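In our numbering, the protein residues as written are 96 to 471.
Backbone N, C-alpha and C fix where the C-beta goes; we use that ideal spot for every residue, glycine too.
Only a predicted model underlies this, so the values are computations on that prediction, with no experimental measurement involved.
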Ligand code: SF4
């Protein structure tokens, strides 16, 4: 198949759903629960709700929405740090749009902008660098956010700034890494996950080899999946087939985009500019060892954490917020006490309601209070 519409063909989707049903009918299901498959990536969560895929699956299969939306796992303290940097006189604080509305303990970046801070939305770190070029008398800070998908573009921008001798540009680095996060999930007490849909965009950069430990040591199948409905349905079938056959392997459904060896140029830029942090705080998941990166000492001049004093405080989520339980798959978004009342996409209380890749926003926009399967 060549064109995106072909990956949304309803007849082929129907065929795949019937194949999944046929496969499940021959499987021995756990006696007291469905088979749990986690989609790690927020892009998959969005597609699953946008196309109503969850409701098409047989009752013995349940999808668990993982932590792969970088906006959703951003702790409140880091938002407070952003606001603190942005409120420095002379700073132009730049960010991707979906991070603007993530609530901090006192305000979001959007509210800081309304209060007078110069916060601007950009589409790439290179846009932020262009602002630095044009405003030599200002400090331009880029909010580096995201997994390995966006990490290389921030790294390449730092290298470009260095090459041009631009010194009024820096990065507030909140980039995070996927593999320690999956490991932390696998090490959670009482884990009930039977397989994973692997993140397509991240894997485009890191390849498939870093996931081998999931299959080898945790004996769980992982299928790196694309984002169209047929990609996701086929990947679910592939995970189930591995379970049925008693296999645990890393398979690549998204081979049209994901090279098994990843992107060498992107990985080279990443390793040149960043080093692993000892630990990084995740919203709802706590501190995870080696799950974030910071700029290497060589690039300290481009590190906003070295240029500015930031509060760096750990802030607890509001009591009524259940983002952590949703992130761990303990409850469904609509089971949160404030879903659709005190927490809506217009007035988000938790970060899962902010980004379109957040499970709560996806449920709210496409799923209502219950998915089709739960409602029937
Ligand atoms: S409804 Fe809001 S507060 Fe509750 S889990 Fe979702 S995002 Fe968090």
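Could you give the C-beta distance for residue i and residue j, rounded to a whole number, given that I count them as a contact under 8 Å?
i, j, result
"residue 192", "residue 216", "5 Å"
"residue 140", "residue 452", "6 Å"
"residue 319", "residue 349", "5 Å"
"residue 128", "residue 287", "6 Å"
"residue 170", "residue 383", "Between residue 383 and residue 170 the Cβ distance is about 12 Å, and since that is not below 8 Å, they are no contact."
"residue 255", "residue 226", "Contact flag wrong, Cβ pair sits at about 13 Å."
"residue 268", "residue 239", "5 Å"
"residue 112", "residue 187", "At roughly 49 Å, the Cβ-Cβ gap does not stay under 8 Å, so residue 112 and residue 187 are not in contact."
"residue 295", "residue 352", "7 Å"
"residue 397", "residue 264", "6 Å"
"residue 368", "residue 253", "5 Å"
"residue 390", "residue 300", "Not really, about 18 Å apart at Cβ, beyond 8 Å."
"residue 274", "residue 237", "Their Cβ separation, rounded to whole angstroms, is 25 Å, which puts residue 274 and residue 237 out of contact at 8 Å."
"residue 322", "residue 142", "5 Å"
Going along the chain, which residues of its own chain have a beta-carbon closer than 8 Å to the beta-carbon of residue i, five neighbours each way excluded?
i, result
"residue 447", "164, 167, 418, 421, 422, 428, 453, 454, 455, 456"
"residue 133", "158, 159, 160, 161, 280, 288, 290, 291, 292, 424"
"residue 307", "345"
"residue 406", "172, 175, 176, 179"
"residue 121", "339"
Quick one: residues in its chain with C-beta nearer than 6 Å to the C-beta of residue i, no 5 flanking neighbours on either side, listed in chain order?
i, result
"residue 251", "364"
"residue 443", "449"
"residue 213", "187"
"residue 246", "270, 365"
"residue 205", "195, 196"
"residue 437", "444"
"residue 464", "Note that residue 464 scores 46 on pLDDT, short of 50, meaning its location in the model is unreliable and no value can be drawn from it."
"residue 261", "227"
Can you tell me whether residue i is buried or exposed, with buried defined as 16 or more other CB within 10 angstroms of its CB?
i, result
"residue 47", "The structure shown does not extend to residue 47, since the chain is modelled only from 96 to 471, so the question has no answer here."
"residue 471", "Interpretation of residue 471 is limited by its pLDDT of 37, a score under 50 that renders its predicted location unreliable; no figure is taken from the coordinates."
"residue 459", "buried"
"residue 340", "exposed"
"residue 312", "exposed"
"residue 243", "buried"
"residue 194", "buried"
"residue 310", "buried"
"residue 229", "exposed"
"residue 378", "buried"
"residue 209", "exposed"
"residue 119", "buried"
"residue 376", "buried"
Beta-carbon within less than 7 Å of residue i's beta-carbon, same chain only, minus the 5 sequence neighbours each way: which residues are those?
i, result
"residue 467", "With a pLDDT of 38 at residue 467, under the threshold of 50, the modelled position of this residue cannot be trusted; read the value that follows with caution. Only 147, 150 meet the Cβ criterion."
"residue 96", "102"
"residue 108", "324, 325, 328"
"residue 343", "310, 314, 315, 316, 337"
"residue 219", "248"
"residue 371", "385, 388"
"residue 86", "The question about residue 86 has no answer, for the chain in this structure spans 96 to 471."
Starting from residue i, trace the beta strand (DSSP E) both ways and give me its first and last residue.
i, result
"residue 157", "156 to 163"
"residue 299", "Premise fails: residue 299 lies in the alpha helix (DSSP H), 295 to 301, not in any beta strand (DSSP E)."
"residue 150", "No beta strand (DSSP E) holds residue 150; the alpha helix (DSSP H) holding it covers 148 to 151."
"residue 270", "264 to 270"
"residue 189", "186 to 190"
"residue 389", "388 to 390"
"residue 133", "130 to 136"
"residue 345", "345 to 347"
Mind checking which residues open and close the alpha helix (DSSP H) that includes residue i?
i, result
"residue 333", "324 to 340"
"residue 418", "418 to 422"
"residue 246", "246 to 259"
"residue 119", "105 to 120"
"residue 317", "Per DSSP, residue 317 belongs to no alpha helix (DSSP H); it is in the beta strand (DSSP E), 317 to 319."
"residue 281", "273 to 281"
"residue 179", "171 to 181"
"residue 401", "399 to 402"
"residue 455", "454 to 457"
"residue 101", "Element bounds for residue 101: n/a, residue is neither H nor E."
"residue 309", "307 to 311"
Check: Hey, which unbroken runs of the alpha helix (DSSP H) at 4 residues or more fall wholly within the segment 200 to 236?
Finding: The alpha helix (DSSP H) runs of length 4 or more contained entirely in the segment 200 to 236 are, from start to end of the chain, 204 to 209, 220 to 229.
Check: At what residue ranges does the segment 355 to 385 contain a whole run of the alpha helix (DSSP H), taking only runs of 4 or more?
Finding: For the segment 355 to 385, the full-length alpha helix (DSSP H) segments reaching 4 residues or more read 359 to 368 along the chain.
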